[in-house]
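Written below as structure tokens is the structure these notes are about.
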Amino acid sequence: RAKALGGGHLTYQPEMSAGLAERMQIAENLSRAMNTGELELYYQPKIRLATGTVSGAEALLRWNDPECGLISPAKFIPIAEARGMIGTLGKWVLREACRQMKAWQELGLQFPGRLAINLSAQQFEETGVADNIQEIVRAAGLTPACFELELTESALMGNVQRAIEVMHTLKRAGFALSIDDFGTGYSSLAYLKRLPVDTLKIDISFVRDMLTVRHDYNIVTTITGMARSFGLRSIAEGVEESAQAEALLALGCDEAQGYYFGRPEPAHVFAQRWL
Ligand code: C2E
Ligand code: CA
Ligand code: CA
Ligand code: CA
575 RAKALGGGHL TYQPEMSAGL AERMQIAENL SRAMNTGELE LYYQPKIRLA
625 TGTVSGAEAL LRWNDPECGL ISPAKFIPIA EARGMIGTLG KWVLREACRQ
675 MKAWQELGLQ FPGRLAINLS AQQFEETGVA DNIQEIVRAA GLTPACFELE
725 LTESALMGNV QRAIEVMHTL KRAGFALSID DFGTGYSSLA YLKRLPVDTL
775 KIDISFVRDM LTVRHDYNIV TTITGMARSF GLRSIAEGVE ESAQAEALLA
825 LGCDEAQGYY FGRPEPAHVF AQRWL
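So the mapping is simple: UniProt numbering equals the position in the sequence shown, first residue as 1, plus 574.
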């Protein structure tokens, strides 16, 4: 809170300047981090519930700041968005994912299925996003068939017509598309039917207590049923126990991801265990 004094001067409340200062510090350090090896992608497997086999993996961004230690993407991605840095950061993520994919190929390791990349709402809204993504993948000597793009409902709700067009462009190019955190946004059925998506990703907030909270169980049931009736695949995130995996399988959920199967891990650890 800034208080205006008599002469129009501003005095900043200490708690406000701390929050702001921290955010500014993070933004400043983040642009440096992209060039100093402080950013890293971790990889978490996705598992087919019916067979227990790996169907792919999700790339998750990690930032190890020399002063602050590990900073959560849930904290710095919104800051990157607010400071107009998400385009650059998003490109870094995609280039790094491509570099790693290529490195695994060159080592003769077979990557199972697709590698999923998260796109933030603001990144998706940038002009030329579909071209930029295709260009990065092409420049790396890879094809879109290697990748899946995870989009949140909020990324799709701003300008619906445009979102549908961009998604069709990406689909035609060969990317798979999924709606992340499904159930937490505002997608209507009418709208869902027009989106060229492959997978609905059930948000962790419903999966976490699905065995103890009836309402959450019902939501998970509804989403898997909805996916089935639309001809889409469903995947549950945040599966931490075998009982959840069993219940999800019984509901007809196709895939799962979570600590029960494997945590997000650095590339070499992931490769050792899963490739
Ligand atoms: P998300 O896309 O919904 O990712 C799932 C989050 O759940 C990840 O948190 C993952 O580490 C965590 N998780 C996975 N399995 C379990 C589990 O069994 N239990 C629990 N409690 N958590 C689990 P993380 O890695 O901290 O990422 C947080 C969010 O940051 C992501 O949510 C995503 O929205 C964003 N994010 C991460 N990497 C990127 C990126 O490269 N680009 C963009 N735009 N956003 C990213
Ligand atoms: Ca995700
Ligand atoms: Ca989520
Ligand atoms: Ca999320």
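Glycine included, each C-beta is placed from N, C-alpha and C at the ideal position.
_In whole angstroms, give me the CA-to-CA distance for I660 and P640._
To locate residue 660, count along the sequence shown from 1; it is residue 86. To locate residue 640, count along the sequence shown from 1; it is residue 66. Between the C-alpha atoms of I660 and P640 there is a straight-line separation of about 21 Å.
*Applying the criterion that 16 or more other CB atoms from any shown protein chain within 10 Å of the CB defines a buried residue, is D783 buried or exposed?*
Translated into positions along the sequence shown, residue 783 becomes position 209. Exposed.
*Name the two residues that bound the continuous alpha helix (DSSP H) containing L763.*
In the sequence shown, residue 763 corresponds to position 189, counting from 1. Counting along the chain, the alpha helix (DSSP H) containing L763 begins and ends at 763-766.
*Whose C-alpha, out of D754, V628, Q696, I797, is nearest the C-alpha of G658?*
Numbered from 1 along the sequence shown, position 84 holds the residue referred to as residue 658. Checked all of D754, V628, Q696, I797; the closest Cα to G658 is Q696.
_Rounded to whole angstroms, what is the Cα-Cα separation between A817 and L623?_
Position 243 of the sequence shown, counted from the first residue, corresponds to residue 817. Position 49 of the sequence shown, counted from the first residue, corresponds to residue 623. Cα to Cα, the separation comes out at about 12 Å.
*Along the alpha helix (DSSP H) that carries N692, what are the first and last residues, could you check?*
Looking up residue 692 in the sequence shown gives position 118. Bounds of any alpha helix (DSSP H) do not take in N692; it lies within the beta strand (DSSP E) bounded by 688-693.
*Which residues in the same chain as E839 place their Cβ atom closer than 8 Å to its Cβ, once the five residues preceding and following it in sequence are excluded?*
Translated into positions along the sequence shown, residue 839 becomes position 265. Taken in chain order, the residues that qualify are Y616, Y617, Q618, R847.
_Please classify P770 as buried or exposed, where buried requires at least 16 other C-beta atoms within 10 Å of its C-beta._
Within the sequence shown, residue 770 is the residue found at index 196, counting from 1. P770 comes out exposed.
*Could one say the Cβ of Y834 lies closer than 8 Å to chain C's Cβ atoms, at least one of them?*
Absent from the structure is chain C; it holds one protein chain and no more.
_Rounded to whole angstroms, what is the Cα-Cα separation between E632 and V794?_
Along the sequence shown, read from residue 1 onward, the residue named residue 632 stands at position 58. Along the sequence shown, read from residue 1 onward, the residue named residue 794 stands at position 220. Each residue's Cα considered, the two are about 21 Å apart.
*Report yes if the C-beta of D755 is less than 7 Å from at least one heavy atom of ligand 3; otherwise report no.*
As a first step, residue 755 is located in the sequence shown; it is residue number 181 there, counting from the start. A heavy atom of ligand 3 is found nearer than 7 Å to the CB of D755.
*Proximal residues to A824 (C-beta, below 7 Å), its chain only, five neighbours per side dropped*: On the sequence shown, position 250 is the one that residue 824 refers to. The beta carbon of A824 is closer than 7 Å to none in its chain, skipping five residues each way along the sequence.
*E839 beta carbon near ligand 2 (any heavy atom closer than 7 Å)*: Here residue 839 corresponds to residue number 265 of the sequence shown, with the count starting at 1. Not under cutoff, so the answer is no.
*I think R688 touches E722, with their Cβ atoms under 8 Å apart; what is that distance to the nearest whole Å?*
Along the sequence shown, one-based indexing puts residue 688 at 114. Along the sequence shown, one-based indexing puts residue 722 at 148. About 4 Å; that satisfies the 8 Å criterion.
*asked:* I need the straight-line Cα distance from S728 to G759, nearest angstrom please.
replied: Here residue 728 refers to the residue found at position 154 when the sequence shown is read from its first residue. Here residue 759 refers to the residue found at position 185 when the sequence shown is read from its first residue. Spanning the two alpha carbons is a distance of roughly 6 Å.
_Taking DSSP's pairing of strands, which residues face V813 in a bridge?_
Counting from one through the sequence shown, the residue named residue 813 turns up at place 239. In the DSSP assignment, V813 is bridged to no other residue.
_With the cut-off set at 8 Å, would you say L751 and D777 are in Cβ contact?_
On the sequence shown, position 177 is the one that residue 751 refers to. On the sequence shown, position 203 is the one that residue 777 refers to. Against a cut-off of 8 Å, the Cβ pair of D777 and L751 comes out as no contact.
*Going by the CB atoms, is the gap between V667 and I691 shorter than 8 Å?*
Locating residue 691 in the sequence shown gives position 117, where the first residue counts as 1. Locating residue 667 in the sequence shown gives position 93, where the first residue counts as 1. It is a contact, given that the beta carbons lie within the stated cut-off.
_At a cut-off of 7 Å, would you count I797 as near ligand 3, judging by its Cβ distance to the nearest heavy atom?_
Counting from 1 along the sequence shown, the entry for residue 797 is found at position 223. No.
*Beta carbon of L635, beta carbon of L613: below 8 Å?*
What you label residue 635 is simply residue 61 of the sequence shown in a count that begins at 1. What you label residue 613 is simply residue 39 of the sequence shown in a count that begins at 1. A distance below 8 Å separates the beta carbons of L635 and L613.
*Is the beta carbon of residue 574 sitting closer than 8 Å to the one on T786?*
Residue numbering for the chain in the displayed model covers 575 to 849; residue 574 lies beyond these limits and cannot be assessed.
*Let me know if T798 comes out buried or exposed under the rule of 16 or more other beta-carbons within 10 Å of its beta-carbon.*
Translated into positions along the sequence shown, residue 798 becomes position 224. T798 should be labelled buried.
_Under 7 Å: does the beta carbon of E727 sit that close to some heavy atom of ligand 2?_
As a working mapping, residue 727 is identified with position 153 in the sequence shown. Not one heavy atom of ligand 2 is found less than 7 Å from the C-beta of E727.
*State the DSSP-derived secondary structure class of P647, mapped to helix, strand or coil.*
Here residue 647 corresponds to residue number 73 of the sequence shown, with the count starting at 1. Here P647 sits in helix by DSSP.
*Opposite A830 in the DSSP bridges: which residues?*
Here residue 830 refers to the residue found at position 256 of the sequence shown. Answer by DSSP bridge pairing, in chain order: I621, A810.
_residue 855 versus L763: straight-line alpha-carbon distance, rounded_ = The question about residue 855 has no answer here: the residues shown for the chain are numbered 575 through 849.
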